[in-house]
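Residue numbers (mature numbering (1 follows the signal peptide of the UniProt record, and there is no 0)): -23 to -1, 1 to 297. Before any comments, here is the structure.
Dropping the structure here:
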């Protein structure tokens, strides 16, 4: 059974394996801005930016960064369950890096980062704080997707002065509806993907409507744009550690989010299978300086399906 799950997990992490021709999403026409380049030196984009390492607390963190020449605070990306660096949508990363310094990293024990993976969201937040401080940043913007959004909430509660603004996508609060059941939802999709020859993210991130299926295929094709020097895949033990953390987060008493003074942008698809949409509405009610974006006919990966709308909205939010 472990071998079966490990095979399926590989599909979840690097899941463009079974997809075929590229398809366009509903959100067409948006291409991220990129710096000018010469024929001898191609533009640095998410598909080719180099992976670097920084050491702190006995851990070597793998990370990539873009837009270092941009003004303002760095935007630190916090990833989802089972994800490594290569699971971020290039359109989202490049789009935000067109206006901001973007930093994306693997948490401890994930991808190419060393160490034992954390088993609680709180530990993951502590590791993220260690990484941010090791980079020399005194204040950052946070962009957390799914589990990354939970980590972002813990970071701002632990170290409020470290955070300027927050983007929370496809996520929910501690004790939120359905979060403790993510393990079952994810594992069923892994097995379904294995036996149907499809990427599990097609089921987890996108609706089963014609629009959702088309958007999912397009997203998975974009994940293949980086063809060389990709990140290490997540291990089965790290995946299990993350599931343990999510289960505990879902059973945790709600936090007092009224103390969060930062501006927060919340986004999700209306039919999120992994973190039900009520969690996004819950966050919007409880965070005093928040705004909510809900995408129709979209699931957990709504920000990827509607990247042409989401990226400009995120840029506008970060610029205010």
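The C-beta atom is built at its ideal place from N, Cα and C for all residues, glycine as well.
Between residue 136 and residue 41, the alpha-carbon positions lie close to 23 angstroms from each other. Judged by DSSP in its simplified three-state form, residue 237 adopts coil rather than helix or strand. The continuous stretches of alpha helix (DSSP H) do not include residue 42, which lies in the beta strand (DSSP E) extending over residues 36 to 43.
In the DSSP assignment, residue 202 forms no beta bridge with any residue. Taking 8 angstroms as the upper bound for CB-CB distance, residue 208 and residue 62 are in contact here, some 4 angstroms apart.
Using a Cβ-Cβ distance cut-off of 8 angstroms, the region 134 to 153 and the region 167 to 179 are not in contact, since fewer than three pairs of beta carbons, one from each stretch, lie closer than that value. Assigned with DSSP and collapsed to three states, residue 123 falls in coil, not helix or strand.
Linking residue 78 to residue 46 through their CA atoms gives a straight-line distance of about 7 angstroms. Annotation: the continuous alpha helix (DSSP H) that includes residue 70 extends over 67 to 74. Residue 288 and residue 243 have their C-alpha atoms roughly 13 angstroms apart. In this structure, 179 is the residue among 187, 179 and 206 with its C-alpha nearest to the C-alpha of residue 277. Taking C-alpha positions only, residue 223 is separated from residue 121 by approximately 14 angstroms. Shown here for residue 297: same chain residues with a beta carbon closer than 8 angstroms to its own, the five before and five after excluded, namely 240 in chain order. Excluding sequence positions up to five before and after residue 89, its CB lies within less than 7 angstroms of the CB of 28, 39, 83, 208 and 209, all in the same chain and listed in chain order. A straight-line Cα-Cα distance of about 33 angstroms links residue 190 and residue 94. Between the alpha carbons of residue 19 and residue 55 lies a gap of roughly 27 angstroms. Judged by DSSP secondary structure, residue 293 falls within the alpha helix (DSSP H) whose first and last residues are 284 to 296. Counting every other CB atom within 10 Å of its CB across the protein chains shown gives residue 231 a total below 16, marking it as exposed. Spatial neighbours of residue 263 in its own chain (CB-CB distance under 6 angstroms, excluding positions within 5 residues in sequence) are listed in chain order as 234. Note that the C-beta distance between residue 118 and residue 85 is not below 8 angstroms. Scanning its chain for C-beta atoms nearer than 6 angstroms, with the 5 sequence neighbours on each side dropped, one finds around residue 255 the residues 154, in chain order. About 17 angstroms separates the beta carbons of residue 161 and residue 57, which is beyond the 8 angstroms limit, so they are not a contact pair.
Distance check between residue 177 and each of 43, 123 and 166 places 166 closest, using alpha-carbon atoms only. CA-to-CA, the gap between residue 100 and residue 134 works out to about 13 angstroms.
Secondary structure at residue 54: strand, using DSSP grouped into helix, strand and coil.
Pairing residue 43 with residue 67, the inter-Cα distance amounts to about 12 angstroms.
Separation of the CB atoms of residue 98 and residue 127 is rounded to 5 angstroms, and the pair is thereby assigned contact status at 8 angstroms. When the alpha-carbon of residue 81 is set against those of 274, 31, 164 and 260, the nearest one is in 31.
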